[in-house]
Amino acid sequence: MSEWFNETLHSGYGQRLTMDKVLFRERTEHQDLVIFENAVFGRVMALDGIVQTTEGDEFVYHEMLTHVPILAHGRVKRVLIIGGGDGGMAREALRHASVEQVTMVEIDRSVVDMCVKHLPSISNGAFDNPRLDLQIADGAKFVEETDGKWDVIIVDSTDPIGPGEVLFRESFYKACKRCLTDGGILVTQNGVPFVQGSEVTNSFDRLGPHFDDVWFYTAAVPTYQGGLMAFGWATDDSALRQRPVAEIASRFAGASLDCNYYTPEAHVAAFGLPAFIRRLMRAK
1 MSEWFNETLH SGYGQRLTMD KVLFRERTEH QDLVIFENAV FGRVMALDGI
51 VQTTEGDEFV YHEMLTHVPI LAHGRVKRVL IIGGGDGGMA REALRHASVE
101 QVTMVEIDRS VVDMCVKHLP SISNGAFDNP RLDLQIADGA KFVEETDGKW
151 DVIIVDSTDP IGPGEVLFRE SFYKACKRCL TDGGILVTQN GVPFVQGSEV
201 TNSFDRLGPH FDDVWFYTAA VPTYQGGLMA FGWATDDSAL RQRPVAEIAS
251 RFAGASLDCN YYTPEAHVAA FGLPAFIRRL MRAK
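full-length UniProt numbering puts the last residue of the sequence shown at 284; the count rises by one with no breaks.
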């Protein structure tokens, strides 16, 4: 009989997946890491009892956090990824031929190594791409200390507990703003608002003092339980999230992307927020 993985993220609500075969389990320097096989979602990676990614549905998360800001911006040459140890975010960013360099800052080398070994389809060769600059470092310290500038910053963080907590602080958002080029875009992982509403409220309040345009967009990721997942959006150019479908479609065609979730129509529609999410943004 298969062992069950019982997710521990929420009190009173959760999900469980059969661990049909455990491929790796270890307490790393920073967190508890397990990779296992599941009949529905394929290979699954979890950190500290929380599902981070699966072979089955990772494309939703990775496509929406990369292609939305890159295509909305339209002239991206440099991308910074904070976190993203599985390599999926780097994979998607590197699909844009116009992107000259992707810098990825991951705190835990073990996550990268084990994902390369046990989840190679997610990175799909991204770690061997000469345009990828992988830094094993603390992402919060990196943005505080670097002199670099990026057109898009993607925060592919865990939830705001443990090592990921610092990536939801106002000081971190302020440091990210300093690292953006003029007209640059910051996007963040912001949880599932129905069960993690405080993440939307807190990020909205903490991003607001540093960016002229703060919003959220959504997508449904099956293993991120509770309905729509929210992605934070922050820039000084409000026009970037109001690009018409035709303009996004032209850029999408020019990038020659073949996606499983992302479409220009889904891009534009994702910014249309349900009322309960708008209420979490206080006066918005």
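For each residue, glycine too, the CB sits at the ideal point set by N, CA and C.
Remember, predicted model here, so these are calculated numbers, not experimental data.
Which residues does DSSP list as the beta-bridge partners of residue i?
i	result
Val-79	Val-102, Val-152
Thr-218	Ala-230
Lys-21	Glu-37
Thr-146	DSSP lists no partner for Thr-146.
Ala-46	Val-34, Val-51
What number of angstroms, rounded off, separates the C-alpha of residue i from the C-alpha of residue j?
i	j	result
Asp-156	Tyr-61	10 Å
Thr-188	Glu-3	33 Å
Lys-21	Glu-55	15 Å
Arg-206	Arg-169	7 Å
Gly-125	His-96	15 Å
Ile-137	His-73	For clarity, residue 137 is Ala in the given sequence; the question names Ile instead. Cα-Cα distance, rounded: 27 Å.
Leu-47	Leu-33	5 Å
Glu-26	Phe-216	35 Å
Cys-115	Met-45	8 Å
Buried or exposed: residue i, going by 16 or more other Cβ atoms within 10 Å of its Cβ?
i	result
Arg-282	exposed
Glu-199	buried
Val-40	exposed
Ile-153	buried
Gly-254	exposed
Tyr-13	exposed
Arg-43	buried
Let me check understanding here. Comparing Cα to Cα, which of the options lies closest to residue i?
i	options	result
Ser-110	Pro-130, Arg-95, Gly-87, Ser-98	Gly-87
Val-268	Ala-246, Ala-126, Leu-257	Ala-246
Val-143	Val-79, Gly-226, Arg-16, Ala-249	Val-79
Lys-177	Asp-48, Asp-113, Gly-148	Gly-148
Asp-159	Ala-275, His-210, Gln-101, Ala-230	Ala-230
Arg-279	Thr-201, Thr-28, Glu-265	Thr-201
Legend entry - Complete runs of the alpha helix (DSSP H) confined to the stretch 114-143 [at least 4 residues]: List check, alpha helix (DSSP H) in window: 120-123.
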